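So the structure is just underneath, and the comments pick up after that.
2 protein chains.
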Amino acid sequence: MTDRRTEILTGAARVIARQGVRGLRVADLAAEAGVSTALIYYHFKDRAGILRHALAFIGDRADRYTAAEEGADAGAHPAGPRRLLERTLLLEFQDLPEVRENSTAWGELRAHSVFDPELREDLAAAGTAWAAEVAGHLAELCPTAPPGAVTAAAERLTALLEGLSVRWLSGLLPLRHARGLVREAIGVEVARLDSPSSRSSHPSRID
Amino acid sequence: MTDRRTEILTGAARVIARQGVRGLRVADLAAEAGVSTALIYYHFKDRAGILRHALAFIGDRADRYTAAEEGADAGAHPAGPRRLLERTLLLEFQDLPEVRENSTAWGELRAHSVFDPELREDLAAAGTAWAAEVAGHLAELCPTAPPGAVTAAAERLTALLEGLSVRWLSGLLPLRHARGLVREAIGVEVARLDSPSSRSSHPSRID
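Just so you know, the sequences run in chain order A and B. Residue numbers for the first sequence follow our numbering, so the first one is 343 and each next one is one higher. Residue numbers for the second sequence follow our numbering, so the first one is 343 and each next one is one higher.
Structure (structure tokens):
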């Protein structure tokens with residue numbers, strides 16, 4: 343990605359996190375990124391193009407700070423699946439400006455899609471990829487659990503995280519308490535996947 | 343509540359569900375409710391007053407359709423705590439225009455509070471009351487579980503519901519699948535609360 347494209351998308355994430363998707367005007371974005379509106383239209387065609395690329399950019403950035411932390415101590419202590427799972431789910435809950443901005447912008451794009459379907463496919467693809475990553479760690483942790491039960495647990499854990507994230511970002515839930523609830527949720531789902539009743543009576547698919 | 347107040351708040355819920363909180367202009371609301379802007383200011387003082395009363399109105403309406411369904415067959419088959427718990431958590435997921443509008447408006451007020459703290463206290467009070475209701479049913483179902491574990495399970499179930507609701511309303515998750523995930527989540531949390539390890543090793547509070 344060229345520097346100018348990166349600057350525009352960095353600006354878009356910042357504006358969305360500050361003013362919401364409805365508050366994103368191309369003129370404001372141009373001022374924020376220090377470029378002309380013509381350059382923005384040249385790179386992203388229209389407002390929908392900006393939003394779609396901003397979504398991908400914010401998703402990549404979340405992957406990057408997740409990977410950076412995972413890489414930091416991977417040499418000394420290779421992390422097991424439980425640790426990787428906790429990190430994947432907990433990295434959203436960090437009181438760092440970049441993480442908070444990224445989570446706010448992502449949550450706003452998600453909330454906005456209730457009103458406007460233009461990002462639906464991109465959000466669905468991102469959600470599926472994230473749930474698959476969580477399901478991969480769960481399957482490693484609980485190798486005898488039926489795949490359908492693992493998928494459903496991953497869907498619940500990622501949806502729980504989205505619900506808790508809105509509470510945290512709006513000041514309704516302290517960070518530490520949010521992290522504790524997620525850690526316990528992992529324990530509750532893993533206990534269920536490991537239990538014999540999960541293997542005998544758990545439906546392989548819900549619908 | 344006078345008819346005019348009710349008409350204004352019904353209109354506010356409709357406008358918020360259609361255009362979001364940022365799209366709520368007092369002039370549009372006046373047109374929607376068929377009243378003058380002066381009457382709106384007379385009843386609710388300012389835009390913040392409208393939002394606060396709209397939040398309470400939307401919450402009451404959700405309670406009312408929950409209670410109506412509970413009352414419908416209470417005479418013939420008194421519902422046990424598991425049934426009451428499922429209803430409390432599943433009534434948001436109904437494909438009825440009133441329920442969809444109510445859930446959309448409530449979710450939007452919640453999402454908006456990430457950007458604007460004015461509704462924080464009201465949302466916190468509503469969230470606490472809802473989690474307490476869920477915890478009450480859980481405590482009846484699992485009488486030997488420690489209160490702290492019951493509260494944490496209730497917080498998770500309500501946050502999960504909020505996360506799933508956004509996915510459903512934005513067309514990312516089919517209704518039936520959302521309901522299945524909630525029902526399973528109740529099963530997973532109840533199994534954990536009923537297990538001996540919940541009583542011996544479960545922390546009574548998370549933070």
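Note that CB positions come from ideal geometry on N, CA and C, so glycine has one too. Model, not experiment: these values are computed from the prediction.
Measuring CA to CA, which of B:397, B:525, B:484, B:345 is closest to residue 503 of chain B?
Closest by alpha carbon: B:525.
For residue 538 of chain A and residue 487 of chain A, what's the separation of their Cα atoms in angstroms?
For residue 538 of chain A and residue 487 of chain A, the distance between alpha carbons rounds to 9 Å.
I need the boundaries of the alpha helix (DSSP H) containing residue 478 of chain B, first residue and last residue.
Residues 462-483.
Which residues, in chain order, does the segment 487-498 of chain A contribute to contact with chain B at a C-beta distance below 9 Å?
Those residues of the segment 487-498 of chain A that come within reach of chain B (Cβ to Cβ, closer than 9 Å) are 491, 494, 495, 497, 498.
Would you please verify whether the beta carbon of residue 374 of chain B is less than 8 Å from any beta carbon of chain A?
For residue 374 of chain B, the answer is no, since every Cβ of chain A falls outside 8 Å of its Cβ.
Of all the options B:393, B:375, B:383, B:432, which has the alpha carbon lying nearest to the alpha carbon of residue 461 of chain B?
Taking only the C-alpha atoms, the option nearest residue 461 of chain B is B:393.
For residue 521 of chain B, which residues in the same chain have their Cβ closer than 8 Å to its Cβ, ignoring the five residues on either side in sequence?
The answer, listed in chain order, is 432, 435.
On the three-state DSSP scale, how would you describe residue 367 of chain A?
Here residue 367 of chain A sits in coil by DSSP.
Could you tell me how far apart the beta carbons of residue 395 of chain B and residue 427 of chain B are, in whole angstroms, since I believe they sit closer than 8 Å?
The Cβ separation is near 30 Å, so there is no contact.
Compare the C-beta of residue 430 of chain A with all C-beta atoms of chain D and state if any pair is closer than 8 Å.
Protein chains A and B are contained in the structure displayed, whereas chain D is not.
Here's the rule: buried if 16 or more other CB atoms are within 10 angstroms of the residue's CB, otherwise exposed. What is residue 511 of chain B?
Buried, because 16 or more other Cβ atoms sit within 10 Å of the Cβ of residue 511 of chain B.
Under 8 Å between C-beta atoms, does residue 459 of chain B make it to chain A?
Judged by the 8 Å Cβ criterion, residue 459 of chain B is in contact with chain A.
Could you check if residue 353 of chain A belongs to the surroundings of the ligand SAM, using beta carbon to heavy atom distance under 7 Å?
Annotation note on the ligand SAM: not contained in the displayed structure, which lists no ligands.
Please check if any C-beta of chain A sits within less than 8 Å of the C-beta of residue 421 of chain B.
So no, residue 421 of chain B is outside the interface.
Check whether the segment 468-477 of chain A touches the segment 492-503 of chain A, taking contact to mean three or more Cβ pairs, one atom from each stretch, closer than 8 Å.
Yes, the segment 468-477 of chain A is in contact with the segment 492-503 of chain A.
Considering only residues of the same chain and omitting the five flanking positions on each side of residue 423 of chain A, which have a CB-CB separation below 7 Å?
Answer for residue 423 of chain A: 479, 482, 483, listed in chain order.
Could one say the Cβ of residue 446 of chain B lies closer than 8 Å to chain A's Cβ atoms, at least one of them?
By this cut-off, residue 446 of chain B is an interface position.
Can you give me the C-alpha to C-alpha distance between residue 391 of chain B and residue 368 of chain B, rounded to a whole angstrom?
For residue 391 of chain B and residue 368 of chain B, the distance between alpha carbons rounds to 11 Å.
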